[in-house]
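**Student:** Handing you a structure now.
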Amino acid sequence: MLEPMLPAARRHVFVYGTLRRGDVRDINQLKPVPAFVAMATVQGVLYDLGSYPGMLLGGEGRVTGEVYAISAELERQLDSIEEVWPQPTGEYNKREVVVQLCRDGVTPEALETQGLSCLLYEINPARTRTCPVISSGDWRDSRPLHPGGDRAAVP
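Each residue of the sequence shown is one higher than the one before, starting from 355 at the first, in my numbering.
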């Protein structure tokens, strides 16, 4: 008797910058389309690198982002976008960390939260030396909105 085919394993990714919904590299515009899971935060420091942010893990702050379930195919596309594959540039390092999911707009500090293991792309610390910190930990707070609701790209 044949075993039923199981769906391909899906991983999760935490996006905190231009890959967020409505931003210039909106992950939802990629194929196969990911499945939104929840807003989330992770312990870290967010830096403004001009037209995109970079995050360093650790520290006392929290970085806000979105969690998506992704396929292996989409993970490979993200690796290419973040330049960790096929030719790593050294700008980002791919990490797997536990993020704290937010439910219904409530922050993790306000309730017992659920952790979820996610991929994320951490900036090389050397790239942040002269960059300002985004003190709120939310890339959206540092970008103006276009009339259509999309985040403005910084030239």
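For each residue, glycine too, the CB sits at the ideal point set by N, CA and C.
Just to confirm the assignment, what range does the alpha helix (DSSP H) spanning I381 have?
**Tutor:** No alpha helix (DSSP H) contains I381, which DSSP labels as neither H nor E.
**Student:** Just to check my reading of the structure: H366 and Y422 have Cβ atoms closer than 8 angstroms, yes? What is that Cβ distance to the nearest angstrom?
**Tutor:** About 7 angstroms; that satisfies the 8 angstroms criterion.
**Student:** How many whole angstroms separate the CB atoms of L474 and V451, which I take to be in contact at a CB cut-off of 8 angstroms?
**Tutor:** The Cβ separation is near 6 angstroms, so the contact holds.
**Student:** Span of the alpha helix (DSSP H) holding D433?
**Tutor:** That run of the alpha helix (DSSP H) goes 426–435.
**Student:** Grouping DSSP H, G and I as helix and E and B as strand, with all else coil, what is P407?
**Tutor:** In this structure, P407 counts as strand in the three-state DSSP scheme.
**Student:** Can you give the Cα-Cα distance for G419 and L400, rounded to whole angstroms?
**Tutor:** Those two C-alpha atoms are separated by around 11 angstroms.
**Student:** According to DSSP, E450 sits in a beta bridge with which residue or residues?
**Tutor:** Answer is L473.
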